[in-house]
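Protein chains in written order, with my numbering: chain V, -1 to 131; chain P, 1432 to 1785; chain R, 794 to 1180.
Cβ coordinates follow ideal geometry from the N, Cα and C atoms, glycine included.
All of these numbers come straight from a predicted model, not from anything done at the bench.
Laid out in structure tokens, this is it:
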């Protein structure tokens, strides 16, 4: 990722700022300009909404063949998490052993290092999930 | 130093990474009796950050919890200072990233501090001054480190990771800071030169003329100026580079194990450097009753100490219930790893270009 | 709308073709399709080329005129079509529509991908960019992992087993062993597949298609003129495209591909045919779970029955419905942007009765299903025997 591309989405990556459709109250993350359900009815009515960060695991995997930037974390767990706001996110699940992961596992967000541009480049931070104990 | 206006702590939280390594495991790699080494240092295990953790992520976790516990919003924070000797960037503040993550940007002042292991308490004092002067309503002081120990060096048995965040303000206090003193000299006991990966130290020189002299000097000034003595405090937290020094200084100054027990985390998590005293204070606040009094003295190589006379208010009970884990909750969630895993986590494996 | 026929096919070998460039791959496939059809260069009015990522794989954009130029067709207008893994199929649809509409008579549709000029790590990363880079890949989600999470969900929801996933791989390798153009022309035993190293749990190495070099092409013309050319024609009876959310997490169904269902429904309705009418299908088995979902979503088996059906052998050659007689992406290979055309080539071979050892008996109708990314786009064509 380039610097502006990362920087532009800091609010989403650090704070989980999504949007709520003013028409149907559905929540979206990342933010959308248009609600896919309400379409034109939603234009101008999408308002910012900070997610609580809590949710439960819908499905998951443990990656053994990563993209090169993630080798130091390998093997690592990815999950699709359904947030309390009924919106889903993809993220790493950390601080848990793979055999302890199961559907329905309750998780919370935490902010971790996602990667870096290069050893001399900027560091990317963003959300990952940890189990709620 | 007494502030002209009552200031204190409104919220706090500590964070320690989940992974641990034992001195025995480290000793095996270097042909040393690690168990004996650990006993000598009074360290049973030290915390290890996972590859995706650093001072920024640790600070953010502690800061988010502290804000939540204080029932504040990010924009209520007028200043953020992060003390550490392992900031991920040499140039570019940790504090701005923490500020963005807690939603405090853009109307705040922020900076990173470095004063070896006492950078966190230096941040306390800065926030106290800004609050007392009325320049800001709330400030956040963070002490956090993922400290470095060269492979095979004595420091490797203790250098650990963790941090704590405190919100300093003038209202809704869970603890008042009655008084603070500092004691600063030019004492080169431990340092890291620009561009060097690992710190260097003066071996036994880090003891008497450094740690002991400054902690005692600073604490004694506080006793004198406030007319107190060890008996007046229910708890005490001293900087803890290992499990031996704080116990030794406490005994020498007339404190009991009961007083320093709750804040003495080093035997279980190792030396978290700038995070050590803030974490010790956070753990003490977790168990302190309303009205109890806590003496805190940090130590940073180079060298200096900051002491604080802290008095817990009734409000402490209220904020304990707020969905934020205690330091004990965080520390007890731990998993031991091998030296091989530790080497991978701490990037001691040269992975070349990928 | 005019009926459209395929009158010529061509494809390169598929695999690690170290000595061939994208240009050469495209030309070889295109020229052999043109020769097969027996059309002359000056008759060709338009060229469509499906390609996923030449820009990142070989640092070359604007590849359609480049390939046309080196094929000696520098005066034929050409355009590249991109829809991730569905690029080839989508190019076929564009070609079909330009002939059906009456705008063009003779159109060449090709697909080409050169994956091995970058390292396999880099190729995987580029493929992962067909998922949602900013909201999936950046967090560490590989392309494999997104399918692995769908596989996990399918297993949790329907009881699909690892053995059932593996049986897709075993079958497609068995089919590939009969295809002289396949990248892997050998059978693999179940035990070997089950013991393969994990890529992204529950998917192991043999659940994942390779990343290959290759190209394929077809020549289209109006059905009314098809018999005046040399190649034995095959009818395109229906086409349909489907769409879904870009990121897997935005889809409410994780055990199905809405885009596949939508594309299939549309194509069947245009063709006036039903799944049971199909004698064979080439489906997008970039992962074993993809084939299981595809045969369910296309209506060959009820949801959740794809795994057991495969394990029973219902999808093997000349059983209930022959799925991926070519070997599929798993064994024939995965030159990403060419896949849709590789499938078309196989369908034409089957419908002409030229498939030799892997010939589907009395093949009258066949379906080809090509999918983009993790399922955000899909395209289905239904083809029929000329007589």
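Bridge partner(s) assigned by DSSP for residue i
i                       : result
residue 33 of chain V   : Paired residue(s): none; residue 33 of chain V is not in a bridge.
residue 1726 of chain P : P:1667, P:1740
residue 13 of chain V   : DSSP lists no partner for residue 13 of chain V.
residue 996 of chain R  : R:993
residue 1704 of chain P : In the DSSP output, where bridge partners are listed per residue, residue 1704 of chain P has none listed.
residue 1164 of chain R : R:1171
residue 1767 of chain P : P:1451
As assigned by DSSP and simplified to three states, the class of residue i
i                       : result
residue 1781 of chain P : coil
residue 1047 of chain R : coil
residue 1510 of chain P : strand
residue 1013 of chain R : strand
residue 1525 of chain P : helix
residue 1151 of chain R : helix
residue 1432 of chain P : coil
residue 1693 of chain P : helix
residue 1176 of chain R : strand
residue 83 of chain V   : coil
residue 968 of chain R  : helix
residue 123 of chain V  : strand
residue 1609 of chain P : strand
residue 22 of chain V   : coil
residue 1093 of chain R : coil
Cβ-Cβ separation, residue j to residue i (assumed contact under 8 Å), whole Å
i                       : j                       : result
residue 1051 of chain R : residue 1037 of chain R : 5 Å
residue 1533 of chain P : residue 1494 of chain P : 5 Å
residue 953 of chain R  : residue 1085 of chain R : 7 Å
residue 803 of chain R  : residue 1131 of chain R : Not really, about 11 Å apart at Cβ, beyond 8 Å.
residue 965 of chain R  : residue 1123 of chain R : 4 Å
residue 917 of chain R  : residue 65 of chain V   : 6 Å
residue 1173 of chain R : residue 1060 of chain R : 4 Å
residue 1004 of chain R : residue 920 of chain R  : 7 Å
residue 77 of chain V   : residue 107 of chain V  : At roughly 12 Å, the Cβ-Cβ gap does not stay under 8 Å, so residue 77 of chain V and residue 107 of chain V are not in contact.
residue 1529 of chain P : residue 1513 of chain P : 6 Å
8 Å Cβ cutoff met for residue i and residue j
i                       : j                       : result
residue 79 of chain V   : residue 105 of chain V  : yes
residue 1613 of chain P : residue 1737 of chain P : yes
residue 878 of chain R  : residue 805 of chain R  : no
residue 1489 of chain P : residue 1592 of chain P : yes
residue 1704 of chain P : residue 1451 of chain P : no
residue 1472 of chain P : residue 1638 of chain P : no
residue 1442 of chain P : residue 1539 of chain P : no
residue 1698 of chain P : residue 1474 of chain P : yes
residue 893 of chain R  : residue 987 of chain R  : no
residue 1103 of chain R : residue 960 of chain R  : yes
residue 1667 of chain P : residue 1691 of chain P : yes
residue 1845 of chain P : residue 1481 of chain P : A question about residue 1845 of chain P goes unanswered here, because the residues of chain P that appear run from 1432 up to 1785.
residue 1743 of chain P : residue 1606 of chain P : yes
residue 865 of chain R  : residue 834 of chain R  : yes
residue 1769 of chain P : residue 1456 of chain P : yes
residue 958 of chain R  : residue 799 of chain R  : no
residue 903 of chain R  : residue 842 of chain R  : yes
Buried or exposed (CB count within 10 angstroms, at least 16 for buried), residue i
i                       : result
residue 1522 of chain P : exposed
residue 1627 of chain P : exposed
residue 31 of chain V   : exposed
residue 1496 of chain P : buried
residue 990 of chain R  : exposed
residue 1619 of chain P : exposed
residue 1435 of chain P : exposed
residue 1048 of chain R : buried
residue 852 of chain R  : exposed
residue 23 of chain V   : exposed
residue 50 of chain V   : exposed
residue 1728 of chain P : buried
residue 95 of chain V   : exposed
residue 1660 of chain P : exposed
residue 35 of chain V   : exposed
residue 811 of chain R  : exposed
heavy atom of the ligand COA below 7 Å from residue i C-beta
i                       : result
residue 1468 of chain P : Although the ligand COA was asked about, the structure shown includes no ligands whatsoever.
Within 7 Å of chain C by C-beta, residues of the segment 1432 to 1458 of chain P in sequence order:
The structure shown contains no chain C; its protein chains are V, P and R.
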